[in-house]
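Chemist: My structure is below; once you've seen it, I'll send some questions.
In mature numbering (1 follows the signal peptide of the UniProt record, and there is no 0), the protein residues as written are -19 to -1, 1 to 214.
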C-alpha cells in the first residue's frame, strides 16, 4: 500500500511538471554566464542559428554581426550617458527578396556593470526594457545570446542567436547549445539554421521592372526598393 502512495506521488509530481504553465507575457529567469570578459566577445561573428518567438518560418540568410565596445549609450529620452556599452552592427538578407539586397542595422545596449553578461536597451517609442544575456560562450569559437522584452500588452518578444566565428559549427556543439534553450522557453522546433552560402558573390539578378525618367533627370532609372525593417523588436 505504501508503495502505491509513493508511485501516486511521483505521478502527481510528473504531471505537475509536464503541465507547467508558462506566462508568455513575462521574460524567463536567466542566469548569464559568470566571470564574463566582454573584450573577448568583441569582433566579427556569423549568426548560424536564429530563433524569434514571432516567427515560425525561416526568413533570413547571410546574417552577420560585429560587436564593438562603447564608452557611452543613448538614453530613452535621447541624452548621452557615459557608461559602458556594447553595439551590434549586423547585416542580413531576406530569403524571399528577389534582389538579394543586403540590409543593415545596429543596436546598442547598456552593460550591467554588476553582471557584464547582461545588457539592456531602451527606446523612446517602446515602453519596456530590451534585455540581452550571454548564456554561454567559448570566445574564440561560439557564443549563445538570448534576448527578451516584455510589453505592456500582449506576449513578450523572445529571441536567441547562436554565434560562430566561422560559417558552421560542429554538430556536437550545436546540440550542446540547443539543449540549453528550452529552459528559457525557447521552442527548438523554431530554431532555424542561417545559410551563409553565396553571400559575398552571387549571380546577377534580372530586373524586369519599368524604367522611369523623372523631371530634371538626364538618364532613365528603375524604381527603388525600400524595406521597413524592425529587426530585433
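Beta carbons are placed, not taken as given, at the ideal position from N, Cα and C, and that holds for glycine.
Remember, it's a predicted structure, so these values are computed and weren't measured experimentally.
Answer with yes or no whether the minimum CB distance from residue 19 to chain D is below 8 Å.
Modeler: Among the chains in the structure shown there is no chain D, since it carries only a single protein chain.
Chemist: What did DSSP end up calling residue 153 once you bin it into helix, strand or coil?
Modeler: Three-state result, residue 153: helix.
Chemist: Just verifying my parser: in three-state terms, what is the DSSP assignment at residue 20?
Modeler: Residue state, collapsed to three classes: helix.
Chemist: Rounded to a whole number of angstroms, what is the C-alpha to C-alpha distance between residue -5 and residue 53?
Modeler: Note that residue -5 scores a pLDDT of 32, beneath 50, so its modelled location is shaky and nothing firm can be said.
Chemist: How would you label residue 38, buried or exposed, when you count the other beta carbons within 10 angstroms and need 16 or more for buried?
Modeler: Burial call: exposed.
Chemist: Look at the alpha carbon of residue 23 and the alpha carbon of residue 123, and state the distance between them as a whole number of angstroms.
Modeler: If I take the Cα positions, the gap works out to 12 Å.
Chemist: Nearest to residue 244 by alpha carbon, out of 106, 88, 66 and 41?
Modeler: No statement about residue 244 is possible, as the shown extent of the chain runs from -19 to 214 and does not include it.
Chemist: Which same chain residues end up closer than 8 Å to residue 230 when comparing Cβ atoms and leaving out the 5 residues on each side of it in sequence?
Modeler: Because the chain spans -19 through 214 in this model, residue 230 falls outside it and cannot be assessed.
Chemist: The beta strand (DSSP E) with residue 66 in it runs from where to where?
Modeler: Note, residue 66: beta strand (DSSP E), 66 to 75.
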